[in-house]
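Below is one structure; the comments refer to it alone.
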Amino acid sequence: MQETIPDSRGRFGEFGGKYVPETLMSAIEELEAGLAKAMVDPAFIGELKADLAEYAGRETPLTFAKNISAKLGGANIYLKREDLVHTGAHKLNNAIGQGLLAKRMGKNKLVAETGAGQHGVATATVASRLGMECKVFMGVEDMKRQELNVFRMELLGAEVVPAETGSRTLKDATNEAIRYWVSHADDTFYLIGSVVGPHPYPKMVRNFQRVIGDEAKQQIGEKTGRLPDTIVACVGGGSNAIGMFYPFLEDEVELVGVEAAGRGLDTAEHAATISKGSKGIIHGSLTYLLQDEAGQIMEPYSISAGLDYPGVGPEHAYLAAQKRVRYEAVTDKEALEALALLAKEEGIIPAIESAHALAKAFQMAKTMTPNQSVLVCLSGRGDKDMHTLQRVYKEGYDE
Numbered sequence: 007m008q009e010t011i012p013d014s015r016g017r018f019g020e021f022g023g024k025y026v027p028e029t030l031m032s033a034i035e036e037l038e039a040g041l042a043k044a045m046v047d048p049a050f051i052g053e054l055k056a057d058l059a060e061y062a063g064r065e066t067p068l069t070f071a072k073n074i075s076a077k078l079g080g081a082n083i084y085l086k087r088e089d090l091v092h093t094g095a096h097k098l099n100n101a102i103g104q105g106l107l108a109k110r111m112g113k114n115k116l117v118a119e120t121g122a123g124q125h126g127v128a129t130a131t132v133a134s135r136l137g138m139e140c141k142v143f144m145g146v147e148d149m150k151r152q153e154l155n156v157f158r159m160e161l162l163g164a165e166v167v168p169a170e171t172g173s174r175t176l177k178d179a180t181n182e183a184i185r186y187w188v189s190h191a192d193d194t195f196y197l198i199g200s201v202v203g204p205h206p207y208p209k210m211v212r213n214f215q216r217v218i219g220d221e222a223k224q225q226i227g228e229k230t231g232r233l234p235d236t237i238v239a240c241v242g243g244g245s246n247a248i249g250m251f252y253p254f255l256e257d258e259v260e261l262v263g264v265e266a267a268g269r270g271l272d273t274a275e276h277a278a279t280i281s282k283g284s285k286g287i288i289h290g291s292l293t294y295l296l297q298d299e300a301g302q303i304m305e306p307y308s309i310s311a312g313l314d315y316p317g318v319g320p321e322h323a324y325l326a327a328q329k330r331v332r333y334e335a336v337t338d339k340e341a342l343e344a345l346a347l348l349a350k351e352e353g354i355i356p357a358i359e360s361a362h363a364l365a366k367a368f369q370m371a372k373t374m375t376p377n378q379s380v381l382v383c384l385s386g387r388g389d390k391d392m393h394t395l396q397r398v399y400k401e402g403y404d405e
């Protein structure tokens, strides 16, 4: 499976592809050629590995959540600690890879989009380190929810550009970033933060993020002497999940992706694109997305800005169709309860995105036996979510 997807057209089965304006096709082809050369160049791979180790802080630990495992009384729960990567989330793995590629291709400017702000911070961080100009598009609503990350990006020297169209969230920031790139592709590299967009972005981001699963596979083997029974990761666009799942696709391991059910799948306020979406094209690829009968994109909702996206990476759509990965959904309330439990029992405050994976992992672990194990990708830390958490835990969650 790993060697055959995507195909030469960027297809994951019927999903993926390159649905872009003619004006962007030359930039896409330039990226494909540059990426292909870089990934077989020992000098590029060496520079990437060095920056991941010496700057990002890899490898990240695998932590046994002993208190919660004992409290729940079922399977042992292990956490892959991407929250300990420099800047606080897995996003930096991919940003370093694409930043180095941009520099190698002679681009001196980066443009990006961000929802929760972690990808924007990662991109601004890489731009600072590499001496590049950086422009980050962000929905106005997300700028309010993630005020601290806006300040972090500006402190790192990036220009944060408000996206004021539509729902003023990640979808709209992505639209604005693509429009900007169309007009500035000569000197600007578009640094996409998830496994979405036209080929080769889904494949490229997956390959820069698979370090999560590669490390975890070795670490869980060293700790337990076997593979985990179940692996759980949250899914918005899906970069942390595909990075964790990919090295395990050929193994007999249950893989579970967790989408945002928001206020419930029986309401219109969720971001569960695989659970409740249908096939369509968004931001350059064919995948599952939330759309109405006329094909108009429906506004997603999640308390987590990082999961508040109406589409999903095409490889996730393919894995769902193949039934290799099971995709379920967790509500805001369930995620917030899991977050509080992890903070109280283990002294770790995760991002709200990651708390969705935790909630599902906790539910599943209780039904399993003590000789089984559940591995959770803790994709980011909760510092950025403090304003939201302070409000809902003090004032209550508005259902």
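Numbering (this note's numbering), first residue to last: 7 to 405.
The C-beta atom is built at its ideal place from N, Cα and C for all residues, glycine as well.
Classify residue i: buried if its beta carbon has 16 or more other beta carbons within 10 angstroms, exposed otherwise.
i	result
THR129	buried
THR373	exposed
VAL46	exposed
PHE157	exposed
ASP257	exposed
GLY22	buried
GLY227	exposed
PRO27	exposed
SER379	buried
On a Cα-Cα basis, can you pick out the residue from the options that is closest to residue i?
i	options	result
GLY402	ASP338, HIS96, LEU348	ASP338
LYS350	ILE74, PHE21, GLY23	ILE74
GLU160	ILE11, CYS140, PRO234	CYS140
GLU153	VAL117, GLY94, TYR399, THR394	THR394
ILE102	GLU119, GLN369, ASP57	ASP57
GLY219	VAL26, LYS86, GLY63	LYS86
ILE280	TYR294, GLY388, HIS92	TYR294
ALA95	ASP391, GLN369, GLN224	ASP391
PRO234	MET250, VAL259, LEU30	VAL259
GLY270	LEU345, ALA326, VAL217, VAL336	VAL336
GLY79	GLN369, LEU384, ASP404	GLN369
GLY290	MET210, THR93, PRO204	PRO204
LEU136	ARG110, LYS150, GLU147	ARG110
ILE198	GLN215, HIS125, VAL264	HIS125
ARG64	GLY40, PRO48, LEU90, LYS43	LEU90
ARG17	LEU325, ALA346, LEU107	LEU325
ILE309	GLU334, ILE288, GLY301, HIS276	HIS276
In angstroms, rounded to a whole number, what distance separates the CA positions of residue i and residue j?
i	j	result
MET7	ARG397	At MET7, the pLDDT of 48 sits below 50, so the modelled position is not reliable; the number obtained from the coordinates is stated separately. Going by the C-alpha atoms only, they are around 45 Å apart.
VAL166	GLU53	28 Å
ALA76	ASN82	8 Å
SER189	TYR196	12 Å
ILE248	HIS362	16 Å
ALA169	MET144	6 Å
ILE184	ASN377	48 Å
TYR25	ALA357	32 Å
ALA452	GLU119	Beyond the ends of the chain as shown, which are 7 and 405, falls residue 452; an answer cannot be given.
ILE354	ASP192	44 Å
GLU36	ARG387	35 Å
VAL331	SER245	14 Å
LEU41	VAL202	16 Å
HIS322	ASP13	15 Å
Please work out which residues of its chain come closer than 7 Å, Cβ to Cβ, to residue i, disregarding the five sequence neighbours upstream and downstream, and give them in chain order.
i	result
LYS285	LEU292, TYR294
GLU352	ALA71, ASN73, ILE74
Once you ignore the five residues that flank residue i on each side, which residues in its own chain have a CB closer than 6 Å to its CB?
i	result
ASN155	GLY123, VAL127, LYS390
ALA133	LEU116, CYS140
Just to confirm my understanding: we take residue i, look at its own chain, exclude 5 residues before and 5 after, and list those with CB closer than 8 Å. What are they?
i	result
GLN297	GLY283, SER284, GLY286, ILE303, MET304, PRO316
PHE254	GLY219, LYS223, LEU233, ILE237, LEU261
GLN328	GLY19
- Kindly provide the ranges of any alpha helix (DSSP H) runs that are 4 or more residues long and lie completely inside the segment 193-220, ordered along the chain. 207-215
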